[in-house]
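Trainee:
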Amino acid sequence: MWDREQTHESLIRYLEEETGEFIQAVKSRDTENMKEELGDILLQVMFHSQIAKKNGKFTIDDVIDTLVSKLKRRHPHVFAGKKVDSVKEILNNWKEIKKLERRS
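First residue of the sequence shown: 1, per this note's numbering; consecutive thereafter.
#1: Could you tell me if residue 37 is buried or exposed, where buried requires 16 or more neighbouring beta carbons within 10 angstroms of its beta carbon?
#2: Let me know if residue 193 comes out buried or exposed under the rule of 16 or more other beta-carbons within 10 Å of its beta-carbon.
#3: In whole angstroms, what separates the C-alpha of residue 81 from that of residue 96?
#4: In angstroms, rounded to a whole number, what distance separates the CA positions of residue 41 and residue 85?
#5: Under three-state DSSP, which class holds residue 20?
#6: At the level of alpha carbons, what is the spacing between residue 25 and residue 32?
#7: By how many angstroms is the C-alpha of residue 44 removed from the C-alpha of residue 16?
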């Protein structure tokens, strides 16, 4: 019952809480807790995706497809055979691609 009543807005505090707990686990180098907190964050992703699906907006598959597309666009040195000579060049390419995406 509680699950069905939730909205994206009502779940914000839980997403913030779980993200904060993950950050604390990273800072304390607690890999077991990191694993648990990543699972909690993944649950939030699934929960928000289910709400969106119920509202006819998008599905978890759409989220995954969007992520894959973004990774392919932002990593041309991996997916498009672009030659790079340094990590600095990779980071500069990433920033430039991201800037172009925001303009469009």
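Even glycine gets a Cβ: it sits at the ideal position worked out from N, Cα and C.
All of these numbers come straight from a predicted model, not from anything done at the bench.
Mentor: Considering the structure as presented:
#1: Counting Cβ neighbours within 10 Å, residue 37 comes out buried, since at least 16 surround it.
#2: Past the boundaries of the shown model lies residue 193; the chain is included only from 1 to 104, so the question cannot be answered.
#3: Each residue's alpha carbon lies about 17 Å from the other.
#4: If you take the alpha carbons of residue 41 and residue 85, they lie about 35 Å apart.
#5: DSSP places residue 20 in helix when its eight states are reduced to three.
#6: C-alpha separation (whole angstroms): 8 Å.
#7: When rounded, the distance between both Cα atoms is 10 Å.
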